[in-house]
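When we follow this note's numbering, the leftmost residue of the sequence shown carries the number 5, and every step to the right adds one. Idealized CB from N, CA, C, for every residue including glycine. Note that the structure is predicted; figures quoted are calculated from it, not measured. A quick write-up on the structure given underneath.
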Amino acid sequence: MILKDLSLSAVVAGFVAVLVGFASSVAIVFQAACAAGASNEVMASWLLALGIGMAATCIGLSWYYKAPVITAWSTPGAALLATSLQGLSIEQATGVFIFTAVLGLFIGISGWFEKLTKLIPLPLASAMLAGILLQFGFAIFSSMQSQWLLVGSMCLVYLIAKVYLPRYAILLVLLSGIITVVLGGSLDLSAVTLSLAQPVWVTPEFSVSALIGVGLPLLLVTMASQNIPGVAVLRASGYNTPVSPLISSTALSTLLLAPWGAFSINLAAITAAICTGTEAHPEPQKRYIAGIAAGVCYLLAGLAGATVVALFAAFPIEMVAALAGLALISTIAANLATATSEPKYRDAAVITLLVTASGASFFDLASAFWGLIAGAVTVLIQKRESAS
């Protein structure tokens, strides 16, 4: 059946989805790993674990449901971790991954996915995410102070590509950064070797403050910013794949691979659209091949994790910071628009944004948690005032 349905367009769609996903957000994953104090070996293990998990879920779910089910790591989740794991050990970070995966698995199995995501107003969730991501946007321009030509050229390419080739904008930004660094003679590839990533086990530690302050926001961000849009992409393309098995499968893969660095595996949204449309195949029932192809590419990318880590380490940190920030501009804009779209939640959303972006932490709980609390309290007070 698979050989009969095989098509070059579907395979290319799967490859492009993985390429765009890696190019646009792998830098953010590295920043999250660095925040937890991970070594290069541990970073490579993260990519290996994520690659295996995404490969297994893409191939298994796409083949079983005959639909292009594309999974990915949580880019907003990685951004949250990059700003929230400071001060935590890699063992405590692993405990957070396991905790979040267990909750996600319970939500998937119980069928509470849609109910729980409605408990927190979407504007507040969007404001929290925007507050987390603002730091990456700021990093674009702070990096420009020391590498103005490199970062400036990347910004220019981004603006032009968003007009003419929006789907490949971040890929072109990456290429422009590489070319600028190579021409500038500042690229040192002496430490880069072709080698397979090795799994590195990290024994988890469970800190209550980390589980509440980082784990719960990570769960919320993953559900609201990845899984909900991921389901919407499938539905928009006419695929009525049951939701609970998808959420359960991705959470289970995260749980099993968390000790090796799988911080969050979930449904993809933006890259999924590459595989669910007519570009993948004119016939919807044959687009599942794109999901299988994406899984194979994920596996290969994960196995090459050590080489990927070494490659990114060879480039200036300003280039990596600018790449991560530019990759998140559209996400920041979309979440700011959603956060302020409803007047009755506008004050609460802005307070959530400001508290989250401030980085303030109390009782060892990250600012993302307090941002949600501040926003929720604002909503309750304003509702009571309007009722009186």
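Please return the same chain residues whose Cβ sits closer than 8 Å to the Cβ of residue i, not counting the five positions on each side in sequence.
| i | result |
| --- | --- |
| L137 | P80, A83, L332, T335, I336, N339 |
| A37 | V46, M47, W50, G265 |
| K70 | Q289, Y292 |
| P203 | S49, L52, A53, W264 |
| F117 | I111, M227, N231, V247, S248, I251 |
Look at the alpha carbon of residue i and the alpha carbon of residue j, and state the distance between them as a whole number of angstroms.
| i | j | result |
| --- | --- | --- |
| G181 | L175 | 10 Å |
| L330 | C279 | 23 Å |
| V312 | V206 | 21 Å |
| A372 | L10 | 44 Å |
| A325 | Y162 | 14 Å |
| V106 | L259 | 7 Å |
| M227 | L200 | 32 Å |
| A31 | N270 | 18 Å |
| I102 | I251 | 15 Å |
| S248 | C159 | 40 Å |
| L85 | G64 | 28 Å |
| C62 | W374 | 35 Å |
| L307 | L52 | 6 Å |
| V16 | P72 | 13 Å |
| G41 | N244 | 42 Å |
| W67 | G18 | 14 Å |
| N44 | L198 | 14 Å |
| F316 | A39 | 16 Å |
| S13 | G363 | 45 Å |
| S211 | L256 | 22 Å |
| L178 | Q90 | 27 Å |
| L223 | T282 | 32 Å |
| S213 | P221 | 12 Å |
| L169 | R388 | 49 Å |
| K119 | K8 | 40 Å |
| V22 | Q386 | 44 Å |
Once the 5 residues before and after residue i are set aside, which same chain residues still bring their CB inside 6 Å of it?
| i | result |
| --- | --- |
| A59 | G299, Y302, L303 |
| W144 | For clarity, residue 144 is Ile in the given sequence; the question names Trp instead. A326, G329, listed in sequence order. |
| D192 | A318 |
| A165 | A173, L176 |
| A277 | V237 |
| A310 | A48, S199, A201 |
| I113 | S252 |
For residue i, does the three-state DSSP call read helix, strand or coil?
| i | result |
| --- | --- |
| N231 | helix |
| L271 | strand |
| T75 | strand |
| F366 | strand |
| Q4 | The structure shown has nothing for residue 4, since the chain only spans 5 to 392. |
| Y243 | coil |
| E322 | helix |
| D9 | helix |
| D192 | coil |
| L224 | helix |
| G115 | coil |
| L179 | helix |
| R291 | coil |
| E209 | coil |
| K166 | helix |
| K348 | helix |
| T356 | helix |
| K403 | Residue 403 is absent from the structure shown; the chain starts at 5 and stops at 392. |
| L327 | helix |
| A40 | coil |
| G219 | helix |
| A214 | helix |
| G57 | helix |
| P263 | helix |
| G2 | With the chain running from 5 to 392 in the structure shown, residue 2 is simply not present. |
So, under 8 Å CB-CB, residue i and residue j are touching, yes? Tell me the CB distance rounded to an integer number of Å.
| i | j | result |
| --- | --- | --- |
| E322 | L154 | 6 Å |
| M132 | L376 | 6 Å |
| A273 | G234 | 5 Å |
| T104 | G217 | Contact flag wrong, Cβ pair sits at about 12 Å. |
| T382 | V24 | With 8 Å as the limit, T382 and V24 do not qualify as a contact, their Cβ atoms being about 37 Å apart. |
| G135 | T360 | 3 Å |
Within a Cβ cutoff of 7 Å, which residues of the same chain sit near residue i, ignoring the five residues on either side of it in sequence?
| i | result |
| --- | --- |
| V33 | W50, W77, A82 |
| G156 | M148 |
| V185 | L154, L191, F319, P320, M323 |
| G379 | L128, A131, A352, A353, I355, T356 |
| T342 | L126, P127, S130 |
| F26 | A305 |
| T75 | M58, T61, C62, T254, I269, N270, L271, A272 |
Confirm the yes/no value for this check: CB of residue i, any heavy atom of the ligand GDP, distance under 7 Å.
| i | result |
| --- | --- |
| G91 | Among the components modelled here there is no ligand, and therefore nothing to report on the ligand GDP. |
Query raised in the report: When the Cβ atoms of the stretch 340–347 are set against those of the stretch 227–247, are three or more pairs found closer than 8 Å?
Result: The stretch 340–347 is not in contact with the stretch 227–247.
Query raised in the report: Between the stretch 89–101 and the stretch 248–265, do three or more beta carbon pairs fall short of 8 Å?
Result: At 8 Å Cβ cutoff, the stretches touch.
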